[in-house]
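Here the structure is laid out as C-alpha cells; the discussion comes afterwards.
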Amino acid sequence: MLVDPFRSNLIGTPLETVIQSYGKRVHSTKRSSFFYPRIDLGAGGAGYGLNNGGAGIHTDNETRLISILYYVNTPEKMKGGDHRLYEIANKSPLLHRAISPKRGVMIASLQTNYALHDVDPIITIDGYRKAFYIAISCNNQLWTREEDWLMKLTKNRAGELGTVPPLPIRIKSKIKRQLSKILQKDV
Numbered sequence: 003m004l005v006d007p008f009r010s011n012l013i014g015t016p017l018e019t020v021i022q023s024y025g026k027r028v029h030s031t032k033r034s035s036f037f038y039p040r041i042d043l044g045a046g047g048a049g050y051g052l053n054n055g056g057a058g059i060h061t062d063n064e065t066r067l068i069s070i071l072y073y074v075n076t077p078e079k080m081k082g083g084d085h086r087l088y089e090i091a092n093k094s095p096l097l098h099r100a101i102s103p104k105r106g107v108m109i110a111s112l113q114t115n116y117a118l119h120d121v122d123p124i125i126t127i128d129g130y131r132k133a134f135y136i137a138i139s140c141n142n143q144l145w146t147r148e149e150d151w152l153m154k155l156t157k158n159r160a161g162e163l164g165t166v167p168p169l170p171i172r173i174k175s176k177i178k179r180q181l182s183k184i185l186q187k188d189v
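According to the numbering used here, the sequence shown holds residues 3 to 189 in order.
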C-alpha cells in the first residue's frame, strides 16, 4: 500500500462535495493524501452488469480502499444479478463465490489488486435490484503496482498501464455490449 490511511487526512464529506472544494481533478500526486467517502443509491434492472456495475470482472479503481454494498431489497423473479467474487488460479480469474442480492445482506471488501469481482448480468427481473454502495477512496494512487499479467486482469487498472486488454476480454466486452442493447430494447 502506497498511502497509510492512519497517517492521512480524513475528509468526511462525500465525493461530490470534495470535488467542489478541490476542483474537478481530485486525484493528483501533487497534493498531500486524503481519504473521502462516496455514497451511491443504485437500482439495477435488466441488462445491469453488462455495461455498468463494472461491466465484467474487475477491481475497483486503484485509489479505492474499501467498497461496501448493502442490499435493500430481495428482487423478484430475477435471473442473474449475483455479486461474484474471484480468486486467481494459473494467472486467470476463478469464480470463488456468488452472493445473491437479498435484503439486509452486506458485502465489504478491501479493493487490493486481487479483489476481482463482477455482477452476473441481470437477464430478467421484476422491478429492480436495489442497493447502497459506500466506498472510501484516496485522492492518490493507493495500491502498489503488481506484475503486468495481474494488472491486465482488470480493465480499471490495465488501462492505466497503457495496455490493451487481451483479445478474449475484448470479444467478451463486445458481446456484452450487444446483449445489453438487445435487452434494453425488450424492456
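No residue lacks a Cβ here, since even glycine has one placed at the ideal position from N, Cα and C.
Pick out whichever of the options has its Cα sitting closest to the Cα of residue i.
i, options, result
"residue 181", "48, 137, 37", "48"
"residue 108", "127, 85, 124", "85"
"residue 93", "11, 173, 156, 177", "156"
"residue 149", "116, 58, 67", "116"
"residue 42", "73, 91, 101, 119", "73"
"residue 141", "3, 6, 122, 37", "37"
"residue 80", "3, 118, 127", "127"
"residue 97", "44, 176, 88", "88"
"residue 1", "71, 177, 112, 76", "Nothing about residue 1 can be read from this structure; the chain reaches only from 3 to 189."
"residue 11", "90, 34, 65", "34"
"residue 137", "39, 5, 13, 4", "39"
"residue 125", "5, 77, 95, 91", "77"
Apply the 10 Å Cβ neighbour rule to residue i and answer buried if 16 or more other Cβ atoms are within range, or exposed otherwise.
i, result
"residue 8", "exposed"
"residue 151", "exposed"
"residue 99", "exposed"
"residue 146", "exposed"
"residue 129", "exposed"
"residue 106", "exposed"
According to DSSP, simplified to helix, strand and coil, what is residue i?
i, result
"residue 59", "coil"
"residue 150", "helix"
"residue 103", "coil"
"residue 93", "coil"
"residue 77", "coil"
"residue 52", "coil"
"residue 109", "strand"
"residue 184", "helix"
"residue 13", "coil"
Let me check one thing: in DSSP terms, what residues is residue i bridge-paired to?
i, result
"residue 44", "133"
"residue 34", "Bridge partners of residue 34: none, in fact."
"residue 126", "81"
"residue 67", "None, per the DSSP bridge assignment."
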